[in-house]
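These notes concern the structure reproduced below.
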Amino acid sequence: MAALKAIGLIKSFESTRAVDKIDLTVESGEFFALIGPSGCGKTTTLRLLAGLTAPDAGTVHLDDTVITNQPARTRDTNMVFQDLVLFPHFTVAENVGYALARKGIDNPERQSRVTKALELVNLGGFGDRDPASLSGGQQQRVALARALVNDPAILLLDEPLASLDKSLRESLQSEFRQIQRESETTFLYVTHNQTSAISMADRIAVMQDGAIVDVGSPRRLYTRPATRFVATFLGDATILRGTVIQCDMAESTVTVDTPIGMITPAMNTVNPDVGETVTIALRPDAFTIADEGINGTVITSAYKGFYEEATIELADSIEVTIRTDAHIEPHDTQMNTIDSIKSNAQIPKPPSEIKATVTSSASRTTAGEPSAGTDEETPLNLNAGLQVGDSVTLQIDGGVLVVENNYNRESTDGDGDNGVLDRNKNTNPIAGNQEPDLNS
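Residue numbers (full-length UniProt numbering): 1 to 440.
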């Protein structure tokens, strides 16, 4: 059963379309994340769902009841903001029970519900404390308890962990997930932090320029992103362009001629023809060790402590940055490294994970140059570090076809269809949050 549904939501601010025809369904008991870069419209969407901002068009439904014009204070929803506000002159318990007191709930029941809410967020026994005496993470949990004590149909969270340091944020992510499961409350969590969304959510919707461009489980979005934007935004991805030379409908794969060689990615939501130019997203596990494959040369190297980082130049000025275990034994072919493929034009530069075979000159007079009379290469001793001029052999096996960024925003002036998703061939087949068929 859907706890919350939005149909055709539109919101503009002067000439800027902030939210453009959003269709969204959040199931009861689900931890749903809405993510996207700054300015994509995710917070405006949340405010529309909460009743804090009125939409220009579209409807909002809560448990099959239309609540579009219902004030926020009368909706069966609660919201946790990034900038939490705790009353400094109240105790923790008084902060949590404030809304219950406003509703006229008698003291024994109020105290019981406050106690349960604090125990749920692992703050049992903190009720008499001053909020100012708590850590940032504890204060955030007080704000969460204050929202949950009302037993809302859905809890809306606007980047509540964004102001916390990395270690505390990661600790609270697991706590939030556990609290959501124990309370069985539906969570709609808005964030720009991809790691937070992947670690907590049952499903994720990705926004771009005011529209939802992909939605699905974290695993599906990571392994089978629908668009180039989703691939590069949600995790590390290498993007290559190439020409289809063969299609295997039985295996749902294609063979693509790229600047660094032949690649056989999965078709995903794209069904190209032979001769067509396509876009390939390569996740870290697409790269493996090989005795034969793509040859490259180390052009930079840096020791980073527990790993070593080097940039490898491949054909057509494509660069691969690899990270190797700084303590790996020489000649170990099981070493894990981290890479990103970076072209001098158009190709993004995020880090990824690969494996590599690395060799170096037997002796050098300068970096990468063998001494006189020495032209043989021997396996590199990684304990000595990667050196400029070392050779690297990589092989690519995998990847997935994705749609080029397909969201075509038009001017909001005039009568044109604004911000529509291009439905032509090789464009994103997703409408609202209907997942593509990836069973083939």
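Each residue gets a CB set at the ideal place from its N, CA and C atoms; glycine is no exception. Remember, predicted model here, so these are calculated numbers, not experimental data.
*asked:* Which residues does DSSP list as the beta-bridge partners of cysteine 247?
replied: Val254
_aspartate 316 - DSSP class collapsed to helix/strand/coil_ = helix
*Rounded C-alpha distance that separates aspartate 214 from proline 88*: 42 Å
*With DSSP run on the structure shown, which of helix, strand or coil describes leucine 4?*
DSSP places leucine 4 in strand when its eight states are reduced to three.
*Should the segment 9 to 29 be called in touch with the segment 43 to 54, which here means at least 3 C-beta pairs below 8 Å?*
yes
*Taking the beta strand (DSSP E) that methionine 262 falls in, what are its first and last residues?*
Looking at the DSSP string, the run of the beta strand (DSSP E) that includes methionine 262 is 261 to 263.
_Starting from methionine 200, trace the alpha helix (DSSP H) in both directions and tell me its first and last residue._
194 to 200
*Any chance the segment 147 to 157 sits against the segment 181 to 191, with 3 or more Cβ pairs inside 8 Å?*
yes
_Buried or exposed, going by whether 16 or more other CB atoms sit within 10 Å of the CB of alanine 93?_
Classification of alanine 93: buried, given that the 10 Å Cβ count is 16 or more.
*Name the DSSP bridge partner or partners of valine 66?*
His61
*Look at alanine 281 and alanine 211 and say whether their C-beta atoms are less than 7 Å apart.*
no
*Collapsed DSSP secondary structure at lysine 116 in the structure displayed*: helix
_Nearest-angstrom Cβ-Cβ length linking glutamine 395 and isoleucine 294, presumed shorter than 8 Å_ = 7 Å
_Looking at aspartate 202: is its Cβ nearer than 7 Å to the Cβ of glutamate 30?_
yes
*asked:* Considering only the alpha carbon of each residue, which of Ile105, Gly389, Val142 lies closest to alanine 132?
replied: Looking at the Cα atoms, Val142 is the closest of the given residues.
*Does the separation of the CB atoms of serine 11 and aspartate 56 fall below 7 Å?*
The amino acid at residue 11 is misidentified as serine; the sequence shows lysine. Pairing lysine 11 with aspartate 56 gives a Cβ-Cβ distance under 7 Å.
_Between the CA atoms of glutamate 251 and glycine 305 - distance to the nearest angstrom_ = 43 Å
*From glycine 97 to alanine 302, what distance separates their C-alpha atoms?*
54 Å
*Quick one: residues in its chain with C-beta nearer than 8 Å to the C-beta of arginine 75, no 5 flanking neighbours on either side, listed in chain order?*
Ala50, Gly51, Leu62, Ile67
_Rounded to whole angstroms, what is the Cα-Cα separation between leucine 172 and leucine 314?_
41 Å
*asked:* On a Cα-Cα basis, can you pick out the residue from Thr253, Ala54, Gly398 that is closest to alanine 286?
replied: Answer by Cα proximity: Gly398.
_Give me, in chain order, the residues of the same chain whose beta-carbon lies closer than 7 Å to that of leucine 86; leave out the 5 immediate sequence neighbours on both sides._
Asn95, Pro131, Gln139, Val142, Ala143
*asked:* Please report the straight-line C-alpha distance between glutamate 109 and alanine 101, rounded to a whole angstrom.
replied: Each residue's CA atom was taken as its position, placing glutamate 109 and alanine 101 some 10 Å apart.
*From the beta carbon of glycine 305, is the nearest beta carbon of chain B less than 7 Å away?*
You won't find chain B in this structure, because it holds only one protein chain.
_glutamate 369 (DSSP reduced to helix, strand or coil)_ = At glutamate 369, the pLDDT of 45 sits below 50, so the modelled position is not reliable and the matter cannot be decided from this model.
*For alanine 54 versus isoleucine 154, is the C-beta distance shorter than 7 Å?*
no
*Exposure label - glycine 41; buried when at least 16 CB within 10 Å*: buried
*The beta strand (DSSP E) with serine 28 in it runs from where to where?*
No beta strand (DSSP E) holds serine 28; DSSP gives it neither H nor E.
*Grab the span of the alpha helix (DSSP H) containing asparagine 95 for me, first residue to last.*
92 to 96
*asked:* Within a Cβ cutoff of 7 Å, which residues of the same chain sit near alanine 72, ignoring the five residues on either side of it in sequence?
replied: Ala50, Gly51, Leu52
*From which residue to which residue does the beta strand (DSSP E) around isoleucine 396 run?*
391 to 396
_Contact defined as beta carbons within less than 8 Å: I believe leucine 24 pairs with alanine 205. What is the distance between those atoms, to the nearest angstrom?_
7 Å
*With respect to the beta strand (DSSP E) encompassing phenylalanine 187, which residues constitute its N-terminal and C-terminal limits?*
Going by DSSP, phenylalanine 187 is part of the beta strand (DSSP E) stretching over 186 to 191.
*Using the Cα positions of leucine 9 and threonine 43, report the straight-line distance between them to the nearest angstrom.*
13 Å
*methionine 249: which of Asp273, Ala231, Phe233 sits nearest, CA to CA?*
Asp273
*Got a sec, what are the start and stop residues for the alpha helix (DSSP H) alanine 147 sits in?*
For alanine 147, the uninterrupted alpha helix (DSSP H) run begins and ends at 136 to 148, by DSSP.
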